Amino acid sequence: MKSWVQAVCEAQPLGETSGWGWHREGLGGPSSTHTPLVPLPDDICDYFGVKIAMYFAWLGFYTSAMVYPAVFGSILYTFTESDQTSQDISCVVFAIFNVIWATLFLEEWKRRGAEFAYKWGTLDTPPESIEEPRPQFRGIKRISPVTSVEEFYYPPWKRLLFQCLVSLPVCLACLSLVFLLMLGCFQLQEFVLSIQELPRIIRFLPKIILAIIVTACDELYKKVAYWLNDMGAW
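Its first residue numbered 1, the sequence shown is counted upward by one per residue in the UniProt record's numbering.
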């Protein structure tokens, strides 16, 4: 069984400068003043293939993107005072920054990965463009301007109207209901603990009620989610 090192060395003679000449010359060879030490994704793709090139492209993009949280975290740590309140505020601010950074990182990598895939000729057709529409989908039939195939079409403004007037209020109502029920269980817990004469088993009653409420809400919200999903498929 050959190792990957032996396979790579046998596939490319050491004296040959084509293919991966950037590797030999970039480490101090004759043209090291013109060839970068770190190879470009296109050079990796030409020699090792698309999969390995895409991995190193992502690795380089991820390493470069990590500079932003590192710099922001260092600045935040420098200006954070030693008291507990300042440290808590800094943790919250850094957490919010990480959420925003992660979202932007993922969206930017989607674009960057699509650019590489298009350049290297491996841009696949999105699955949603070839799969059959869901049975619950409703709309009017039309000829797709993209695929020239007959499809069901539902106006985006109607979907947006449903999301704003139905989906969003329902989700907010569910969150409010959970918050109020949880707050009520906490108040009941404090009331029960304030009475010293109650039996020990009664002290666990608020926790049992909370567990039952969580289970019931889970089943209820699952049905609501299915209904919203089916309605949103229009």
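Backbone N, C-alpha and C define an ideal beta-carbon position, used for all residues, glycine too.
None of the values given here were measured: they were computed from a predicted structure.
Residues in its own chain within less than 8 Å of residue i by CB, not counting five upstream and five downstream?
i	result
Y68	W101
E150	K141, R142, I143 and S144
V170	V224 and L228
Report the three-state DSSP secondary structure of residue i (helix, strand or coil).
i	result
I140	strand
E197	coil
Y153	strand
T122	coil
S148	coil
M66	coil
Residue i and residue j look like a contact to me (Cβ under 8 Å); what is the Cβ gap, rounded to whole Å?
i	j	result
F105	F72	Not really, about 13 Å apart at Cβ, beyond 8 Å.
S86	T80	5 Å
L181	I213	5 Å
Could you give the distance in angstroms between the alpha-carbon of residue i and the alpha-carbon of residue j?
i	j	result
R200	K222	35 Å
S90	I75	11 Å
C117	D46	Looking at the sequence provided, one finds Ala at residue 117 rather than Cys. Cα to Cα, A117 sits roughly 13 Å from D46.
K110	Y62	12 Å
L175	W227	17 Å
E219	F179	17 Å
C185	V224	23 Å
C217	L177	9 Å
K51	F152	36 Å
W58	L160	34 Å
G113	M54	8 Å
M66	V93	17 Å
A173	K158	22 Å
E108	V99	14 Å
D88	E190	26 Å
S95	V166	Note that residue 95 is Ala in the sequence shown, not Ser. Near 31 Å, if we compare the C-alpha coordinates of V166 and A95.
T215	Y154	36 Å
S148	G139	17 Å
K207	C164	36 Å
S82	L183	33 Å
W120	G49	10 Å
A70	G60	16 Å
Taking residue i as part of the alpha helix (DSSP H), name the residues at either end of that continuous run.
i	result
E81	It is not in any alpha helix (DSSP H) - E81 carries neither H nor E in the DSSP assignment.
F48	P41 to F48
By Cβ distance below 7 Å, which residues in the same chain neighbour residue i in space, the five residues on each side in sequence not counted?
i	result
F56	P41 and I44
L198	V192
Please report whether the beta-carbon of residue i lies at a distance below 8 Å from any beta-carbon of chain D.
i	result
L193	The displayed structure is made up of one protein chain only, and chain D is not part of it.
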